[in-house]
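The sequence shown runs 341 to 506 under this note's numbering. Glycine is no exception: its CB is placed at the ideal position from the N, C-alpha and C atoms.
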Amino acid sequence: MELKIIRSRRRRRTVSARIIKDTLLISAPAMLSQERLDRIVADFKIKFERKKIKEDLDRKQSLGDIARKINEQYFENKLKVNSIEYATDQESKYGCCNYSSGRIRISHKVGLMPDWVRDYVVIHEMAHLIEPNHSAGFWEIISRYKLAERARGYLMAAGLDREAQE
Ligand SMILES: [Zn+2]
């Protein structure tokens, strides 16, 4: 991504950023120190890169479509998923499910893993719509997916071994 910084004497405090084509355009106060600006720019870059990853993933493999398929295949179409989306703010967590709102979030890192691992995480979070806790009943549901154990090993090796609480 190209970077263009415009320093403005009229700006007092705020730094703003936007993307124009492939350029990250930063407007910053003239008085802001280079060190502080570098840090802010680095944060903006991460934010925009994550947003782009998320958009690419949504385009290539919509989680809504995947959840529909899994609902049919593993849950007799009985689950009600209110929303399912990629999240880019979950560092070591593979996903989370809000039992009461039916809202599921899946780490974008899972979206970059093999399909069978991603499917496991989606099944795992969807199963929480039936069983909020990791009870024996929960793992019984999970065992419908033949690659569950392998997928858990894969996630653990990748350092994605936790689940977010919501
Ligand atoms: Zn879980």
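Kindly indicate the opening and closing residues of the beta strand (DSSP E) around I359. 356-360
As a quick check of your reading: which residues have a C-beta less than 6 Å from at least one non-hydrogen atom of ligand 3, in chain order? In the structure on display, ligand 3 does not appear, and the ligands it does have are ligand 1.
Mind listing, in chain order, the continuous beta strand (DSSP E) runs of no fewer than 3 residues lying wholly within the region 465-497? none
Cβ shell of L419 (< 6 Å), same chain only, five flanking positions each side left out: N411, M466, L469
Along the beta strand (DSSP E) that carries A427, what are the first and last residues, could you check? 423-427
Looking only at DSSP bridge pairs, what is L364 linked to? L343, I359
What first and last residue would you give for the alpha helix (DSSP H) that runs through R351? Segment: none, R351 is in no alpha helix (DSSP H) and carries neither H nor E.
Counting along the chain, where does the alpha helix (DSSP H) carrying K392 start and finish? 374-400
Does the beta-carbon of A368 have 16 or more other beta-carbons within 10 angstroms, so that it is buried, or is it exposed? buried
Measure how close the beta-carbons of S447 and Y434 come, nearest whole angstrom, since I'm counting them as under 8 Å. 5 Å
Spatial neighbours of S432 within its chain, please: C-beta separation below 8 Å, excluding the five flanking residues on both sides. G499, L500, D501, R502
For I346 and G493, the rounded distance between their alpha carbons: 48 Å
Return the chain-ordered list of same chain residues with a C-beta closer than 6 Å to the C-beta of I481, the five sequence neighbours on each side being excluded. A467
Who are the near neighbours of R351 in its chain, counting only those whose CB is closer than 8 Å to its CB and skipping five residues on each side? S367, A368, P369, A370
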